[in-house]
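Chemist: I have a structure I would like to understand better, so I am pasting it below and will then ask my questions one at a time.
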Amino acid sequence: MRLGVLDVGSNTVHLLVVDAHPGARPLPAHSHKAELRLAQLLDDDGSIGPDGIDRLVAVVHEALQAAEDKGVEELLPFATSAVRDARNADDVLGRVRDETGVELQVLSGEEEAKLTFLAARRWFGWSSGKLLVIDIGGGSLEIAYGLDEEPDAAVSLPLGAGRLTAGWLPGDPPEAEDVRALRRHVRTEIARSVGDFSRFGAPDHVVATSKTFKQLARLAGAPGSAEGLYVQRELKRESLEAWVPRLAGMTAAERAELPGVSEARAGQLLAGAMVAEGAMDLFGVERLEICPWALREGVILRRLDHMGPA
Numbered sequence: 148m149r150l151g152v153l154d155v156g157s158n159t160v161h162l163l164v165v166d167a168h169p170g171a172r173p174l175p176a177h178s179h180k181a182e183l184r185l186a187q188l189l190d191d192d193g194s195i196g197p198d199g200i201d202r203l204v205a206v207v208h209e210a211l212q213a214a215e216d217k218g219v220e221e222l223l224p225f226a227t228s229a230v231r232d233a234r235n236a237d238d239v240l241g242r243v244r245d246e247t248g249v250e251l252q253v254l255s256g257e258e259e260a261k262l263t264f265l266a267a268r269r270w271f272g273w274s275s276g277k278l279l280v281i282d283i284g285g286g287s288l289e290i291a292y293g294l295d296e297e298p299d300a301a302v303s304l305p306l307g308a309g310r311l312t313a314g315w316l317p318g319d320p321p322e323a324e325d326v327r328a329l330r331r332h333v334r335t336e337i338a339r340s341v342g343d344f345s346r347f348g349a350p351d352h353v354v355a356t357s358k359t360f361k362q363l364a365r366l367a368g369a370p371g372s373a374e375g376l377y378v379q380r381e382l383k384r385e386s387l388e389a390w391v392p393r394l395a396g397m398t399a400a401e402r403a404e405l406p407g408v409s410e411a412r413a414g415q416l417l418a419g420a421m422v423a424e425g426a427m428d429l430f431g432v433e434r435l436e437i438c439p440w441a442l443r444e445g446v447i448l449r450r451l452d453h454m455g456p457a
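Under our numbering, residue 457 is the last one in the sequence shown; the count climbs by one each step, no gaps.
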């Protein structure tokens with residue numbers, strides 16, 4: 148069947164259309180994205196403002212039209228931290244439902260971590276052993292660890308690149324004091340969760356997902372997207388540690404000139420790099436591998452599992 152996954156994230160609203168059936172890997176057929184940056188459209192009280200809701204409704208309408216055009220049989224719509232953490236989440240969901248007919252499922256942070264872990268496990272297989280999976284989104288950081296398809300430990304922290312940029316790095320380029328303050332905040336938050344994972348022992352394989360990690364790996368010399376999904380891409384901590392101070396001294400426009408960095412994500416790349424560096428340091432990770440699959444693929448795989456054999 149042709150499935151559509153509608154991901155209302157903190158940075159983008161992304162419709163991924165795949166051809167899928169149980170027992171086979173989902174084959175991408177179409178992708179439709181709209182940059183919305185909900186994490187940066189919050190009012191002072193933490194609510195998504197009227198303009199943000201209007202834009203969200205319009206983008207969902209566009210995604211529905213694209214899904215219809217591509218012959219999607221079933222749509223799996225969900226929202227992550229930007230909607231989940233908004234003070235007026237119920238109002239936002241109600242507007243979307245009433246004006247588009249789409250009932251967004253709001254995933255918890257733990258569900259995000261588990262579904263992303265499932266995608267990474269299926270991509271790398273059982274031979275990868277104990278997996279540690281790190282994902283940096285626009286609104287949150289997810290970390291999961293385990294030997295099976297269900298992780299033994301999974302956490303979600305409010306350390307998304309968009310959220311931190313809006314709340315901690317107002318300058319362009321940012322002030323050195325703000326960068327130091329954010330570094331302390333990031334490492335304090337991550338350190339509180341390290342003990343939840345260390346009791347399971349060292350992982351056999353560390354992987355990362357998300358646009359942030361892909362861009363950081365590209366800066367460190369990994370092959371570009373034109374080389375295809377199956378080329379191995381990795382990120383070493385020593386390379387990341389060298390890039391963080393360089394990124395801190397650049398404006399968003401200067402970062403956008405770097406290889407693999409999009410203009411839309413350039414402003415939040417420093418915060419994302421600081422979260423990545425903090426996670427790798429505190430978890431003792433020297434290198435990690437980039438996984439092409441992430442949350443959207445996890446949602447698809449879970450749906451296919453529930454369908455049973457063909």
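Glycine included, every Cβ here is placed at the ideal spot set by N, Cα and C.
Pairs of beta-carbons, one from the segment 223 to 236 and one from the segment 190 to 200, closer than 8 Å: are there three or more?
Modeler: Touching, yes.
Chemist: From Val353 to Ala400, what does the alpha carbon distance come to, in whole angstroms?
Modeler: In the sequence shown, counting from the first residue as 1, residue 353 sits at position 206. In the sequence shown, counting from the first residue as 1, residue 400 sits at position 253. Each residue's alpha carbon lies about 32 Å from the other.
Chemist: By the DSSP assignment, the alpha helix (DSSP H) with Arg434 in it spans what residues?
Modeler: Reading the sequence shown from its first residue, position 287 is the one you call residue 434. Arg434 -> not in any alpha helix (DSSP H); beta strand (DSSP E) instead, spanning Arg434 to Ile437.
Chemist: What does the Cβ neighbour count give for Tyr292, buried or exposed, with the cut at 16 atoms within 10 Å?
Modeler: Translated into positions along the sequence shown, residue 292 becomes position 145. The residue is buried, with at least 16 neighbouring Cβ atoms inside 10 Å.
Chemist: Check the C-beta distance from Arg310 over to Ser157 and give it rounded, since I have them as a contact under 8 Å.
Modeler: For this step, residue 310 is matched to residue 163 along the sequence shown. For this step, residue 157 is matched to residue 10 along the sequence shown. Confirmed, about 7 Å.
Chemist: Using the rule of at least 16 other Cβ atoms within 10 Å of the residue's Cβ for burial, across every protein chain shown, is Ser287 buried or exposed?
Modeler: As a working note, residue 287 is residue 140 in the sequence shown. Burial call: buried.
Chemist: Quick one: which unbroken beta strand (DSSP E) runs of 3-plus residues sit fully inside the segment 183 to 233? Chain order, please.
Modeler: Those beta strand (DSSP E) runs which fall completely within the segment 183 to 233 and span 3+ residues are 221 to 226.
Chemist: My output table needs one value for Val341: the three-state DSSP class, helix, strand or coil.
Modeler: Indexing the sequence shown from 1 puts residue 341 at position 194. Val341: helix per DSSP, three-state reduction.
Chemist: My output table needs one value for Lys277: the three-state DSSP class, helix, strand or coil.
Modeler: Translated into the one-based positions of the sequence shown, residue 277 becomes position 130. It is coil, neither helix nor strand.
Chemist: Do the segment 267 to 280 and the segment 330 to 339 meet, that is, are 3 or more Cβ pairs less than 8 Å apart?
Modeler: Contact fails: fewer than three Cβ-Cβ distances are below 8 Å.
Chemist: Name the DSSP beta bridge partners of Lys383, please?
Modeler: Indexing the sequence shown from 1 puts residue 383 at position 236. In DSSP, Lys383 forms a bridge with Arg434.
Chemist: Going along the chain, which residues of its own chain have a beta-carbon closer than 8 Å to the beta-carbon of Val230, five neighbours each way excluded?
Modeler: Taking the sequence shown and counting its residues from 1, the one referred to as residue 230 is at position 83. The residues are Val155, Leu185, Ile195, Ala236, Val239, Leu240, Leu251 and Val253.
Chemist: What does DSSP give as the partner residue(s) for Thr247 in the beta ladder?
Modeler: As a first step, residue 247 is located in the sequence shown; it is residue number 100 there, counting from the start. Its beta-bridge partners do not exist; DSSP assigns none.
Chemist: Between which two residues does the alpha helix (DSSP H) harbouring His453 extend?
Modeler: In the sequence shown, counting from the first residue as 1, residue 453 sits at position 306. Residues Leu442 to Met454.
Chemist: Would the segment 384 to 399 and the segment 418 to 433 be scored as touching if the rule is three or more Cβ pairs under 8 Å?
Modeler: A contact exists between the segment 384 to 399 and the segment 418 to 433.
Chemist: Beta-carbon separation of Glu289 and Thr263 under 8 Å?
Modeler: Numbered from 1 along the sequence shown, position 142 holds the residue referred to as residue 289. Numbered from 1 along the sequence shown, position 116 holds the residue referred to as residue 263. Cβ distance < 8 Å, so Glu289 and Thr263 count as in contact.
Chemist: Give every residue of the same chain whose Cβ lies closer than 8 Å to the Cβ of Trp440, excluding the five residues on either side of it in the sequence, and list them in chain order.
Modeler: Translated into the one-based positions of the sequence shown, residue 440 becomes position 293. Excluding sequence neighbours, Trp440 sits near Ala266, Ala267, Arg269, Trp270 and Thr356.
Chemist: Name the two residues that bound the continuous beta strand (DSSP E) containing Gly154.
Modeler: As a first step, residue 154 must be located in the sequence shown, where it is residue number 7. The displayed chain sequence assigns Asp, not Gly, to residue 154. Here the beta strand (DSSP E) through Asp154 covers Arg149 to Val155.
Chemist: Considering just the uninterrupted stretch of the beta strand (DSSP E) at Glu289, what are its terminal residues?
Modeler: As a first step, residue 289 is located in the sequence shown; it is residue number 142 there, counting from the start. Counting along the chain, the beta strand (DSSP E) containing Glu289 begins and ends at Leu288 to Gly293.
Chemist: Considering only the alpha carbon of each residue, which of Ala323, Asp299, Leu363 and Ala367 lies closest to Ala349?
Modeler: As a position in the sequence shown, residue 349 is number 202, starting the count at 1. It is Asp299.
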